[in-house]
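Trainee: Heads up: the protein sequence lines correspond to chains S and V, in order. According to my numbering, the first sequence is numbered sequentially starting from 706. According to my numbering, the second sequence is numbered sequentially starting from 706. Built from N, CA and C at the ideal position, the CB exists for glycine as well.
2 protein chains.
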Amino acid sequence: MFSNIRIVLVNTSLAANIGSAARALKTMGLRQLVLVDPKVFPSSEATALASGASDVLATARVVATLEEAIADCSLVIGASARSRTIPWPLLNAREAGELVQLESSKHPVALVFGREDRGLTNEELHQCHYHVSIPSDEEYGVLNVASAVQVIAYEVRMAHLMAEKGVVAQKTMPLAHAPWDEDIVPVSDMEQFFTHFETALIESGFLDPNNPRQMPARVRRMFSRLRLDRLEYNLWRGIFSRMQAMASEITQLKKG
Amino acid sequence: MFSNIRIVLVNTSLAANIGSAARALKTMGLRQLVLVDPKVFPSSEATALASGASDVLATARVVATLEEAIADCSLVIGASARSRTIPWPLLNAREAGELVQLESSKHPVALVFGREDRGLTNEELHQCHYHVSIPSDEEYGVLNVASAVQVIAYEVRMAHLMAEKGVVAQKTMPLAHAPWDEDIVPVSDMEQFFTHFETALIESGFLDPNNPRQMPARVRRMFSRLRLDRLEYNLWRGIFSRMQAMASEITQLKKG
């Protein structure tokens with residue numbers, strides 16, 4: 706029932722945490738673990754701490770980059786403890802559970818957790834549609850990574866059980882509730898989208914590649930929030946191409 | 706604010722679990738730990754895993770029996786994974802959090818967790834007013850004791866936050882939660898925005914004004930969903946103007 710939901714651990718240092726996380730997600734009925742560039746894996750320590758969840762470790766996928774881990778996902782939620790310079794759409798753990806419940810029947814969903822000491826980098830957080838934060842003590846808010854997985858996975862399960870009972874979340878989440886007429890494009894299509902957009906802006910003389918300032922991050926945030934459907938995606942690609950064509954026509958005309 | 710709430714661990718075998726539990730409860734703003742007849746305490750392993758929560762270990766009370774740990778409490782809730790021969794009033798984790806929230810302002814409350822391998826004995830469970838169970842996978846429901854503490858303490862904190870903010874806060878949209886760095890533009894600014902966009906697309910030769918088909922409606926829907934902030938709004942207006950400037954430059958160059 707949770708076959709579309711994966712837990713992604715980025716750059717985990719301690720083998721014990723991988724094992725504990727595997728156990729945590731399995732207790733909540735999840736099964737899919739993806740490890741992005743783990744320090745040590747597989748390891749006997751992870752297996753020991755996984756207890757009865759060694760099957761989760763055995764089927765865990767190891768990849769080199771976050772991009773690979775989330776390529777086919779249409780909803781990516783990244784755990785974030787700190788407040789960021791550019792705020793991102795933010796969910797608490799309960800809202801994240803509800804959103805995953807609403808969407809995981811439609812497309813693959815990733816819940817992403819960062820390093821023990823410093824979480825996810827800003828660049829990694831910018832690849833997420835939403836950030837999730839577990840409400841915690843103001844002075845001591847550092848949950849162990851396996852504990853964070855436990856709480857979020859628990860909320861996913863609770864949301865599922867509530868939905869089964871007919872207790873539907875009353876919140877309005879953009880796109881989540883609405884039956885949409887077009888598919889949402891997966892993350893893997895968005896990298897070339899951003900590259901195309903930036904190239905078009907540079908060729909049009911709108912963006913200085915040597916001094917982009919915050920613009921690429923803001924564009925990323927904007928489109929992450931939007932989560933384009935296929936038709937919208939194609940519309941933008943067409944507009945970017947048109948901008949490039951105009952820029953190149955100007956260059957040609959100037960040459961004579 | 707949680708001064709009336711204590712976490713009680715009965716007969717814990719592994720020092721590491723005591724340390725992890727201390728960390729877990731402290732992240733949720735709790736401070737009181739009572740250890741009933743622990744196998745090893747204090748220990749360097751517990752302190753290592755407590756991370757920044759060694760103060761919780763330092764002030765932990767060690768007692769010989771559960772009776773001593775809960776003597777002054779008017780609400781005692783015991784963690785129970787299995788269903789028992791004699792059914793007891795049973796709460797799920799969320800309900801337990803809500804009950805603790807309702808009562809902890811009035812009198813001391815204990816949340817009791819059992820041994821790693823077999824939880825609380827029937828006799829111990831019968832000393833509790835309620836049992837609490839964390840909804841878990843039917844085939845693999847064994848949460849690590851520190852993970853169980855984490856989830857229950859999280860629900861206590863959530864219930865507290867909900868009571869503080871009111872349930873209405875839960876029903877708002879994700880964007881409303883995030884402290885955003887820029888104002889969201891009012892709807893009144895969007896009409897000229899759409900006109901500007903369409904004009905730019907027409908002048909660029911991308912949109913046929915005599916046959917726009919569904920495009921204006923789709924563009925409207927897309928930006929309504931997005932709810933632009935002021936900086937994003939200005940960014941787009943700049944891009945539209947740049948498209949118009951390119952189109953007009955092409956016209957000029959062709960003339961001359």
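Can you give the beta carbon distance from F911 (chain V) to I944 (chain S), rounded, assuming they're within the 8 Å contact cut?
Mentor: The pair is a contact, with the Cβ atoms about 6 Å apart (cut-off 8 Å).
Trainee: With DSSP as the reference, label F746 (chain V) as helix, strand or coil.
Mentor: Of the three classes helix, strand and coil, the one that applies to F746 (chain V) here is coil, per DSSP.
Trainee: Where T752 (chain V) and L719 (chain S) are concerned, what is the direct C-alpha to C-alpha distance, given to the nearest angstrom?
Mentor: Roughly 17 Å between the two C-alpha positions.
Trainee: With 9 Å set as the bound, which would you pick, yes or no: does the beta-carbon of M895 (chain S) sit closer than that to a beta-carbon of chain V?
Mentor: It does not: the Cβ of M895 (chain S) has no partner Cβ on chain V nearer than 9 Å.
Trainee: Mind listing the chain S neighbours of D842 (chain V)? Cutoff is C-beta to C-beta under 7 Å, in chain order.
Mentor: Simply K731, T732, M733, G734.
Trainee: Any Cβ of chain V within less than 9 Å of the Cβ of G910 (chain S)?
Mentor: It does: the Cβ of G910 (chain S) has a partner Cβ on chain V nearer than 9 Å.
Trainee: According to DSSP, which residues form a beta bridge with H836 (chain V)?
Mentor: DSSP output for H836 (chain V) lists V:G783, V:L795 as bridge partner(s).
Trainee: Determine the extent of the alpha helix (DSSP H) in which A720 (chain V) is found, giving its start and end residues.
Mentor: Element bounds for A720 (chain V): 720-732.
Trainee: Which residues in the same chain as A883 (chain S) place their Cβ atom closer than 6 Å to its Cβ, once the five residues preceding and following it in sequence are excluded?
Mentor: With a pLDDT of 43 at A883 (chain S), under the threshold of 50, the modelled position of that residue is not reliable, and the figure given next carries that caveat. Within the same chain, A883 (chain S) has no close Cβ partners at all.
Trainee: Could you pull the start and end residues of the alpha helix (DSSP H) that R820 (chain V) belongs to?
Mentor: From DSSP, R820 (chain V) is part of no alpha helix (DSSP H); its letter is neither H nor E.
Trainee: Could you check what DSSP says for L807 (chain S) in three-state terms: helix, strand or coil?
Mentor: Looking at L807 (chain S) - three-state DSSP - the assignment turns out to be helix.
Trainee: Would you tell me roughly how many angstroms separate the C-alpha atoms of G819 (chain V) and V817 (chain S), rounded to the nearest one?
Mentor: For G819 (chain V) and V817 (chain S), the distance between alpha carbons rounds to 31 Å.
Trainee: With a Cβ-Cβ cutoff of 9 Å, do M948 (chain S) and M927 (chain V) count as a contact?
Mentor: Not in contact: M948 (chain S) and M927 (chain V) (Cβ atoms no closer than 9 Å).
Trainee: Do the stretch 920-934 of chain V and the stretch 886-895 of chain V touch if we need at least three Cβ pairs shorter than 8 Å?
Mentor: Touching, per the Cβ criterion.
Trainee: Mind reading off the beta-carbon distance from R923 (chain V) to E937 (chain S)? Whole number of angstroms is fine, and I expect it under 8 Å.
Mentor: Yes, R923 (chain V) and E937 (chain S) are in contact; Cβ-Cβ is about 7 Å, under 8 Å.
Trainee: What would DSSP say about D894 (chain S), mapped onto helix, strand or coil?
Mentor: Residue state, collapsed to three classes: helix.
Trainee: Using DSSP bridges, identify the partner residues of N934 (chain S).
Mentor: A small fix is needed here, since residue 934 (chain S) is Asp in this sequence, not Asn. In the DSSP output, where bridge partners are listed per residue, D934 (chain S) has S:I889.
Trainee: Determine the direct distance from the alpha carbon of S909 (chain S) to that of E844 (chain S), and round the result to whole angstroms.
Mentor: Computed Cα separation, rounded: 48 Å.
Trainee: For A755 (chain S) and V850 (chain S), what's the separation of their Cα atoms in angstroms?
Mentor: Cα to Cα, the separation comes out at about 14 Å.
Trainee: How many Å lie between E903 (chain S) and T826 (chain S) at the Cα?
Mentor: Distance between the alpha carbons of E903 (chain S) and T826 (chain S) is about 22 Å.
Trainee: List the endpoints of the continuous beta strand (DSSP E) containing R711 (chain V).
Mentor: It spans 710-715 - the beta strand (DSSP E) in which R711 (chain V) sits, taken as one unbroken run.
Trainee: Comparing the C-beta of L762 (chain V) with each C-beta of chain S, is any distance below 9 Å?
Mentor: By this cut-off, L762 (chain V) is not an interface position.
Trainee: Use the C-beta contact count for F707 (chain V): other C-beta atoms within 10 angstroms, 16 or more gives buried, fewer gives exposed.
Mentor: By the 10 Å Cβ count, F707 (chain V) comes out buried.
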